[in-house]
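>
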Amino acid sequence: EAAVTQSPRNKVAVTGGKVTLSCNQTNNHNNMYWYRQDTGHGLRLIHYSYGAGSTEKGDIPDGYKASRPSQENFSLILELATPSQTSVYFCASGEYNYAEQFFGPGTRLTVL
Amino acid sequence: GDSVTQMQGQVTLSEDDFLFINCTYSTTWYPTLFWYVQYPGEGPQLLLKVTTANNKGISRGFEATYDKRTTSFHLQKASVQESDSAVYYCVLGTGNTRKLIFGLGTTLQVQP
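Each protein sequence line maps, in turn, to chains Z and D. The first sequence: position 53 = 54 (the numbering used here), numbered continuously. The second sequence: position 2 = 837 (the numbering used here), numbered continuously.
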């Protein structure tokens with residue numbers, strides 16, 4: 002049974018529209034992460050969280066917001082989507098500092 | 836800052852060939868080094884974790900070690916199979932952050 006799930010799995014959005022990507026984990030991990038994956042760039046960290054109510058900026062946070070309303074849920078929000086945000090987005094959870102991270106299956110976002 | 840360099844973008848082998856992938860890392864903290872594997876349509880998953888220099892991590896026929904003197908770490912397998920075709924990421928974790936730093940990935944294609 003999948004411990005990290007993401008929704009939607011595929012999304013097409015229009016430029017300037019608002020997009021929310023959702024992540025749920027049943028691992029009871031404190032830390033959660035959002036990455037994007039692009040050819041030539043590998044995986045890059047956008048935002049992360051140490052627990053409910055906390056969010057931290059990762060390496061490429063511009064244009065993105067995050068929300069952690071509970072231990073289980075972590076959302077990534079694109080208030081004004083742009084074509085440069087077309088990518089595959091992965092959510093992950095981890096128990097403690099630099100420990101193994103468990104990834105979801107990814108969301109493919111296309112911004113037209 | 837902390838960084839990982841993974842030079843081999845693509846590796847093509849035949850079944851039963853020997854696999855060797857090398858990375859270098861840079862950090863001022865004590866490192867923990869990982870290899871993650873990503874199969875098509877899935878999120879990355881942990882393959883190996885190495886916490887002590889010159890100690891060997893072993894999983895699913897893969898071996899990994901890191902050398903503190905040369906700040907390099909590598910992944911090897913004696914005999915690859917077609918099912919090993921995937922993207923392999925070298926990943927650095929450091930004691931001062933809760934983040935993992937991913938290399939750009941090596942796409943392994945194993946021909947039958």
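Glycine residues also receive a C-beta, built at the ideal position from the N, C-alpha and C atoms.
Examine chain Z for any beta-carbon lying closer than 8 Å to the beta-carbon of D:Leu939, and answer yes or no.
True, the Cβ-Cβ gap to chain Z drops below 8 Å.
> On the DSSP letters alone, give me the boundaries of the beta strand (DSSP E) that Z:Trp35 sits inside.
Segment Asn32 to Asp39, the beta strand (DSSP E) holding Z:Trp35.
> According to DSSP, is Z:Gln86 helix, strand or coil?
Note: Z:Gln86 maps to helix in three-state DSSP.
> What does D:Gly878 reach in chain Z if we use C-beta pairs closer than 8 Å?
The contacting residues are Val5, Phe91, Ala93, Phe104, Gly105, Pro106 and Gly107.
> Can you give me the C-alpha to C-alpha distance between D:Ser920 and D:Leu935, rounded to a whole angstrom?
Distance between the alpha carbons of D:Ser920 and D:Leu935: 23 Å.
> For Z:Leu46, which residues in chain D fall below 9 Å Cβ to Cβ?
Within chain D, the residues near Z:Leu46 are Lys934, Leu935, Ile936 and Phe937.
> Would you mind working out which of D:Phe853, D:Gln916 and D:Phe908 sits nearest D:Val885, comparing C-alpha positions?
D:Val885 has its Cα closest to that of D:Phe908, out of D:Phe853, D:Gln916 and D:Phe908.
> What residues match up with Z:Glu57 in a beta bridge as DSSP calls it?
Z:Glu57 pairs with Z:Tyr49.
> So which residues of chain Z does D:Leu883 contact, with C-beta pairs closer than 7 Å?
Simply none; closest approach about 10 Å.
> Can you tell me whether D:Ile856 is buried or exposed? The criterion is at least 16 other CB atoms within 10 Å of its CB, across all chains shown.
So D:Ile856 counts as buried.
> For Z:Gly17, go through chain D and note every residue whose CB falls closer than 9 Å to its CB, in chain order.
What Z:Gly17 touches in chain D: nothing, since even the nearest Cβ is about 29 Å away.
> Any C-beta of chain D sitting closer than 8 Å to the C-beta of Z:Gly43?
Answer yes: the Cβ-Cβ gap between Z:Gly43 and chain D drops below 8 Å somewhere.
> Taking D:Glu898 as part of the beta strand (DSSP E), name the residues at either end of that continuous run.
That run of the beta strand (DSSP E) goes Phe897 to Asp902.
> According to DSSP, is D:Ser918 part of a helix, a strand, or is it coil?
Helix at D:Ser918.
> For D:Tyr865, go through chain Z and note every residue whose CB falls closer than 9 Å to its CB, in chain order.
Within 9 Å Cβ-Cβ: nothing; D:Tyr865 doesn't reach chain Z, min ~10 Å.
> With DSSP run on the structure shown, which of helix, strand or coil describes D:Leu935?
In the structure shown, D:Leu935 sits in a strand (DSSP, three-state: E or B).
> Run down chain Z in chain order and give the residues with a C-beta less than 9 Å from the C-beta of D:Tyr924.
Correct list: Gly43 and Leu44.
> Can you tell me which of the three DSSP states D:Trp864 falls into?
In the structure shown, D:Trp864 sits in coil (DSSP, three-state: anything other than H, G, I, E or B).
> Could you say which of D:Pro875, D:Val915 and D:Val922 lies nearest to D:Gly940 if we only look at CA atoms?
It is D:Val922 whose Cα lies nearest to the Cα of D:Gly940.
> Thinking just about the alpha-carbon of each residue, which of Z:Ala82, Z:Thr27, Z:Arg109 and Z:Phe103 is nearest to the one in Z:Ser71?
Minimum Cα distance to Z:Ser71 is reached at Z:Thr27.
> With C-beta atoms as the reference, is D:Val945 less than 8 Å away from D:Glu850?
It is a contact, given that the beta carbons lie within the stated cut-off.
> Could you tell me the boundaries of the beta strand (DSSP E) in which Z:Lys19 lies?
It is not in any beta strand (DSSP E) - Z:Lys19 carries neither H nor E in the DSSP assignment.
> Apart from the five residues on each side of it in sequence, which residues of its chain come closer than 6 Å, Cβ to Cβ, to Z:Gly17?
If we look at Z:Gly17 and ignore the five residues flanking it on each side, its Cβ neighbours are Leu81.
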